[in-house]
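Structure record follows, encoded as structure tokens.
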Amino acid sequence: MSNELEFDEVGDVLHRATTGKTGRDAFTALATAYRDHSHQHPSRDEAVDAARYVRSTLHGFVGLELAGGFEIPRSFEHGFDRLTDAARAAAVAVRSR
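Just so you know, we're using this note's numbering here: the sequence shown kicks off at 11 and counts up by one.
Here it is, written out as structure tokens:
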């Protein structure tokens, strides 16, 4: 299975697990689904590196946005769209190593 397909597979698993749930139930379902999937596919541990990269990237952007750290007058949405595209591509690349 290609790295891109594996990345999509994990996303699908997490989406199915959380659909229709909110709050604590959604978080618990997400955590459980991620753990179960990882146990079923132990050779895919590199997904952890990709998840850390994506989380760090999103956390940094949102933290700067909320703190007023983006003083250049440009749409946050445009920057966020580009960031998510780049983060996805980089996460797939991390998993291909």
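Yeah, the Cβ is synthetic: ideal placement off N, Cα and C, and Gly gets one too. Given the structure is predicted, the values throughout are model-derived calculations rather than measurements.
Let's see if you can read the secondary structure: which residues bound the alpha helix (DSSP H) around residue i?
i     : result
Phe37 : 33–50
How would you label residue i, buried or exposed, when you count the other beta carbons within 10 angstroms and need 16 or more for buried?
i     : result
Val72 : exposed
Phe86 : exposed
Ala99 : exposed
Ala27 : buried
Whole angstroms is fine: what's the gap from residue i's alpha carbon to residue j's?
i     : j     : result
Ala97 : Thr67 : 7 angstroms
Arg62 : Glu81 : 27 angstroms
Glu19 : Asp95 : 18 angstroms
Tyr44 : Gly30 : 17 angstroms
Leu40 : Asp91 : 24 angstroms
Ala36 : Gly21 : 14 angstroms
Gly79 : Thr38 : 32 angstroms
His69 : Leu76 : 10 angstroms
His88 : His25 : 25 angstroms
Thr42 : Pro83 : 41 angstroms
Val64 : Leu74 : 16 angstroms
Quick one, which of the options has its alpha-carbon nearest residue i's?
i      : options                    : result
Ala103 : Ala36, Ala39, Glu75, Val58 : Val58
Glu16  : Gly33, Ser48, Thr32        : Ser48
His51  : Val23, Gly89, Lys31        : Val23
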